[in-house]
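Novice: Here the protein sequences line up with chains U and Y, keeping their order.
For the first sequence, position 105 matches number 375 in our numbering, and the numbering has no gaps at all.
For the second sequence, position 218 matches number 764 in our numbering, and the numbering has no gaps at all.
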Amino acid sequence: MTDNQQVPFGSGMFQGQAKFVDYAHMNQQDVQMNTLDEPVLDTLLRDINMILYKLSYVIIPRMKETQGRKLRNWDLWGPLLLSLLLAMTLGINSNQSSDSIFGTIFIIMWGGSAVITVNAKLLGGQVSFFQSVCVLGYCVFPINIAAVLITFLQSYLGFFLRLIIVGAAFLWSTFSSLSFMSSMMNEEKKVISVYPIFLFYMFLSWFCIFI
Amino acid sequence: MDFGIQNQTDEQKQANKEYPIQNNNEGNKNQQGYCAFLTIQFYTPYFNVTETDVLQRIQGTFLPLRPDFLNLIRGNPDLWGPIWINATLIFLITAIANLRQIDEEKENQSFVISYVPQATALLYIIAFGTPIILAGVMKFLGVDLSFFQTICLYGYSMSTLLPITILCYFQNELFLWLIIVYGFANSSLFLIVNLKEELDKLQIQKKYIIIGIVVTMQLALYLFYKLVFFSYVNK
């Protein structure tokens with residue numbers, strides 16, 4: 271078969287030796303073929319833009335359904351970065367056993383997301399596993415902000431001021447994740463599907479008080 | 547990208563067509579075999595509760611001598627309670643034990659993270675391990691135990707610890723021992739009264755083995771609670 275010969279095959283055309291152009295299903299596959307040649311910086315920037323775009327949805331929680339569409343392209347980079355940041359912030363500031371704090375926070379975050387998702391599925395909700403883990407991970411961002419703030423302003427903040435900052439971060443996280451998750455839960459069992467999310471963010475934010 | 551992609555899709559389509567038909571004919575239980583307990587569908591019937599049910603069941607544990615609890619869970623034991631009551635307890639233990647220490651030293655305010663794995667291991671082993679031990683022992687003695695009902699029972703018996711943990715914030719040693727003893731008595735009574743109908747299938751001497759196991763595990767739980775988590779803090 272020579273290079274430029276076109277042979278029909280199914281719904282596409284078999285072009286040359288290695289490129290099968292399937293006209294019926296051509297959109298995603300074609301785009302992915304072209305991204306193999308681009309510079310690494312472009313790939314990284316595209317991923318970072320995606321993460322920042324999702325973070326903007328977390329910061330400004332929207333109750334409308336339109337916001338769900340972009341978050342459906344789940345990715346786990348954002349939750350990974352956020353969990354590492356949180357675990358490191360909390361670990362650096364403790365005087366003793368910083369490695370076990372890192373490990374515990376990491377496990378609580380990922381294990382907790384998994385358990386909450388399985389719980390929602392068992393209660394009959396229409397959740398997709400990784401989508402839900404992605405949303406729960408991204409919504410830890412306000413708690414991250416609170417942890418970093420408390421780290422930098424350590425000596426100026428008394429106990430009650432820390433409590434207020436952490437409380438605000440907790441409410442923000444919970445509200446933000448609820449605006450996405452509650453549409454996927456079973457109607458009659460909403461409270462018992464949502465309570466674990468509440469407990470999860472409370473757990474993570476409680477550690478920030480003690481930095 | 548893929549050569550012969552057409553053939554693969556046809557085969558896959560055929561395989562996908564056959565599988566759901568088999569599913570409908572044989573029903574869910576028969577075709578799953580020995581690894582059924584690893585699927586989600588196996589556990590779905592045990593999550594058939596709403597929040598009012600859960601609250602009623604928790605209320606039923608505070609008055610152990612009334613037989614309300616068994617009537618509430620009859621035919622519908624749930625697993626939501628055991629899992630999440632224990633998770634709440636882990637959070638409360640960590641929060642309150644750290645809060646107790648924060649009042650003492652103003653300089654070294656680092657928090658003790660080791661309560662989290664300790665509490666997780668303790669609570670989940672007692673809440674899920676003891677029913678497994680009981681089921682094994684009862685089977686050895688020749689009687690069947692309704693497994694999920696016992697897990698449900700054990701899980702909800704932990705809800706006695708919810709107010710106790712919150713009250714453990716106070717530093718008074720005598721008060722702490724009093725509420726620990728009250729909690730131990732309350733939950734042991736609750737468990738024994740509700741296991742009574744299962745125990746009646748056994749002879750009298752063998753009943754005491756089961757009661758002994760139950761009481762020992764509760765004792766271990768409450769002692770661990772007092773001595774490790776909420777031990778005496780020097781002022």
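All C-beta atoms in this analysis are idealised placements derived from N, C-alpha and C, irrespective of residue type, glycine included.
Assuming D614(Y) and G627(Y) are in contact, meaning their beta carbons sit under 8 angstroms apart, how far apart are those beta carbons, in whole angstroms?
Specialist: Here residue 614(Y) refers to the residue found at position 68 of the second sequence. Here residue 627(Y) refers to the residue found at position 81 of the second sequence. Between G627(Y) and D614(Y) the Cβ distance is about 15 angstroms, and since that is not below 8 angstroms, they are no contact.
Novice: Does the Cβ-Cβ distance between Y661(Y) and N632(Y) come in under 8 angstroms?
Specialist: Against the second sequence, residue 661(Y) aligns to sequence position 115. Against the second sequence, residue 632(Y) aligns to sequence position 86. Result no, Cβ atoms of Y661(Y) and N632(Y) do not sit closer than 8 angstroms.
Novice: So, do the segment 383 to 398 of chain U and the segment 421 to 431 of chain U have three or more beta carbon pairs nearer to each other than 8 angstroms?
Specialist: Judged by Cβ distances under 8 angstroms, the segment 383 to 398 of chain U makes no contact with the segment 421 to 431 of chain U, as fewer than three pairs qualify.
Novice: Checking contacts by CB at 8 angstroms: is L392(U) closer than that to chain Y?
Specialist: As a first step, residue 392(U) is located in the first sequence; it is residue number 122 there, counting from the start. It does: the Cβ of L392(U) has a partner Cβ on chain Y nearer than 8 angstroms.
Novice: Given 8 angstroms as the limit, is there contact between the segment 733 to 741 of chain Y and the segment 697 to 708 of chain Y, that is, 3 or more CB pairs closer than that?
Specialist: The answer is yes - the segment 697 to 708 of chain Y touches the segment 733 to 741 of chain Y, with three or more Cβ pairs under 8 angstroms.
Novice: Quick check: is the beta carbon of Y465(U) nearer than 8 angstroms to any beta carbon in chain Y?
Specialist: Within the first sequence, residue 465(U) is the residue found at index 195, counting from 1. Closer than 8 angstroms: yes.
Novice: Please state whether DSSP places F588(Y) in a helix, a strand or coil.
Specialist: For the purposes of this step, residue 588(Y) is identified with residue 42 of the second sequence, where counting begins at 1. Here F588(Y) sits in helix by DSSP.
Novice: Check whether the Cβ atoms of S452(U) and V461(U) sit closer than 8 angstroms, and answer yes or no.
Specialist: In the first sequence, residue 452(U) corresponds to position 182, counting from 1. In the first sequence, residue 461(U) corresponds to position 191, counting from 1. Not closer than 8 angstroms, so no.
Novice: If you measure from the beta carbon of L469(U) to each beta carbon in chain Y, is any gap under 8 angstroms?
Specialist: Residue numbering aside, residue 469(U) sits at position 199 when the first sequence is read from its first letter. Yes, because at least one Cβ of chain Y sits closer than 8 angstroms to the Cβ of L469(U).
Novice: CB-CB under 6 angstroms to P466(U), same chain, minus the five flanking residues each way: which ones, in chain order?
Specialist: For the purposes of this step, residue 466(U) is taken as residue 196 along the first sequence, with counting starting at 1. The residues are I386, N389.
Novice: Entirely within the segment 617 to 672 of chain Y and at least 3 residues each: give me those beta strand (DSSP E) ranges in chain order.
Specialist: If we require 3 residues or more, the segment 617 to 672 of chain Y turns out to have no beta strand (DSSP E) run fully inside it.
Novice: Should T313(U) be labelled buried (16 or more other beta-carbon atoms within 10 Å of its own) or exposed?
Specialist: As a working mapping, residue 313(U) is identified with position 43 in the first sequence. Per the 10 Å Cβ criterion, exposed.
Novice: Are C409(U) and S443(U) closer than 8 angstroms when you measure CB to CB?
Specialist: As a first step, residue 409(U) is located in the first sequence; it is residue number 139 there, counting from the start. As a first step, residue 443(U) is located in the first sequence; it is residue number 173 there, counting from the start. The answer is yes: Cβ separation under 8 angstroms.
Novice: Any idea what DSSP makes of D369(U), helix, strand or coil?
Specialist: Numbered from 1 along the first sequence, position 99 holds the residue referred to as residue 369(U). Helix, per DSSP.
Novice: Cutting at 6 angstroms between CB atoms, please list the residues of its own chain near A643(Y), excluding the five before and the five after it.
Specialist: The count along the second sequence starts at 1 and reaches residue 643(Y) at position 97. The residues are Y661, F775.
Novice: Report yes or no: do the segment 674 to 686 of chain Y and the segment 591 to 610 of chain Y share at least 3 C-beta pairs separated by less than 8 angstroms?
Specialist: No: the two stretches stay apart, fewer than three of their Cβ pairs being nearer than 8 angstroms.
Novice: In terms of residue numbering, what span does the alpha helix (DSSP H) encompassing I725(Y) cover?
Specialist: As a first step, residue 725(Y) is located in the second sequence; it is residue number 179 there, counting from the start. Residues 719 to 745.
Novice: To the nearest angstrom, report how far apart A416(U) and N456(U) are at their CA atoms.
Specialist: Translated into the one-based positions of the first sequence, residue 416(U) becomes position 146. Translated into the one-based positions of the first sequence, residue 456(U) becomes position 186. Their Cα atoms are separated by approximately 32 angstroms.
Novice: Check for me: the alpha helix (DSSP H) holding A416(U) runs from which residue to which?
Specialist: Mapped onto the first sequence, residue 416(U) falls at position 146. Element bounds for A416(U): 411 to 422.
Novice: Using the beta-carbon count (16 or more within 10 Å), is S475(U) buried or exposed?
Specialist: Here residue 475(U) corresponds to residue number 205 of the first sequence, with the count starting at 1. Classification of S475(U): buried, given that the 10 Å Cβ count is 16 or more.
Novice: Could you tell me if Q751(Y) is buried or exposed, where buried requires 16 or more neighbouring beta carbons within 10 angstroms of its beta carbon?
Specialist: For this step, residue 751(Y) is matched to residue 205 along the second sequence. Exposed, because fewer than 16 other Cβ atoms sit within 10 Å of the Cβ of Q751(Y).
Novice: In its own chain, which residues sit with a C-beta less than 7 angstroms from the C-beta of I757(Y), not counting the 5 before and 5 after it?
Specialist: On the second sequence, position 211 is the one that residue 757(Y) refers to. Result list for I757(Y): I738, in chain order.
Novice: Do you know offhand how far I639(Y)'s Cα is from G729(Y)'s?
Specialist: Translated into the one-based positions of the second sequence, residue 639(Y) becomes position 93. Translated into the one-based positions of the second sequence, residue 729(Y) becomes position 183. Taking the straight line joining both Cα atoms gives about 15 angstroms.
Novice: Please decide whether M379(U) counts as near chain Y, where near means a Cβ-Cβ distance under 8 angstroms.
Specialist: Mapped onto the first sequence, residue 379(U) falls at position 109. So no, M379(U) is outside the interface.
Novice: Measuring alpha carbon to alpha carbon, tell me which of N617(Y), I759(Y), L601(Y) ends up nearest Q695(Y).
Specialist: Residue 695(Y) sits at position 149 when you count from the first residue of the second sequence. The residue with the shortest Cα to Cα distance from Q695(Y) is N617(Y).
Novice: Please state the DSSP three-state secondary structure of Y426(U).
Specialist: Working through the first sequence from its first residue, we reach residue 426(U) at position 156. Y426(U) falls in the helix class under three-state DSSP.
Novice: According to the Cβ coordinates, are L433(U) and I375(U) closer than 8 angstroms?
Specialist: As a first step, residue 433(U) must be located in the first sequence, where it is residue number 163. As a first step, residue 375(U) must be located in the first sequence, where it is residue number 105. For L433(U) and I375(U), no; Cβs fall outside 8 angstroms.
Novice: Closest to S364(U) by CA distance: which of Q647(Y), L767(Y), V658(Y), T634(Y) is it?
Specialist: As a working mapping, residue 364(U) is identified with position 94 in the first sequence. When each option's Cα is compared against that of S364(U), the closest is V658(Y).
Novice: Taking 7 angstroms as the cut-off, is the CB of F468(U) close to at least one heavy atom of the ligand SAM?
Specialist: In the structure on display, the ligand SAM does not appear, and there are no ligands present to speak of.
Novice: CB-CB under 6 angstroms to M454(U), same chain, minus the five flanking residues each way: which ones, in chain order?
Specialist: Within the first sequence, residue 454(U) is the residue found at index 184, counting from 1. G395, Q396, V397.
Novice: Counting only beta-carbon atoms, is T444(U) nearer than 8 angstroms to chain Y?
Specialist: To locate residue 444(U), count along the first sequence from 1; it is residue 174. Taking Cβ atoms only, chain Y never reaches closer than 8 angstroms to T444(U), which makes this a no.
Novice: For G621(Y) and A673(Y), what's the separation of their Cα atoms in angstroms?
Specialist: Taking the second sequence and counting its residues from 1, the one referred to as residue 621(Y) is at position 75. Taking the second sequence and counting its residues from 1, the one referred to as residue 673(Y) is at position 127. Those two C-alpha atoms are separated by around 20 angstroms.
Novice: Shortest alpha-carbon distance to I726(Y) belongs to which of Q749(Y), K753(Y), L773(Y), Q587(Y)?
Specialist: On the second sequence, residue 726(Y) is found 180 positions in, with the first residue counted as 1. Selected option, being the one with the closest Cα: L773(Y).
Novice: Indicate whether at least one CB of chain U lies closer than 8 angstroms to the CB of P709(Y).
Specialist: Here residue 709(Y) is taken as the residue at index 163 of the second sequence, counted from 1. False, the Cβ-Cβ gap to chain U never drops below 8 angstroms.
Novice: According to DSSP, simplified to helix, strand and coil, what is P709(Y)?
Specialist: Here the question's residue 709(Y) lines up with position 163 in the second sequence. It is helical.
Novice: Quick one: does W476(U) have its CB under 8 angstroms from some CB of chain Y?
Specialist: As a working mapping, residue 476(U) is identified with position 206 in the first sequence. Taking Cβ atoms only, chain Y reaches closer than 8 angstroms to W476(U), which makes this a yes.
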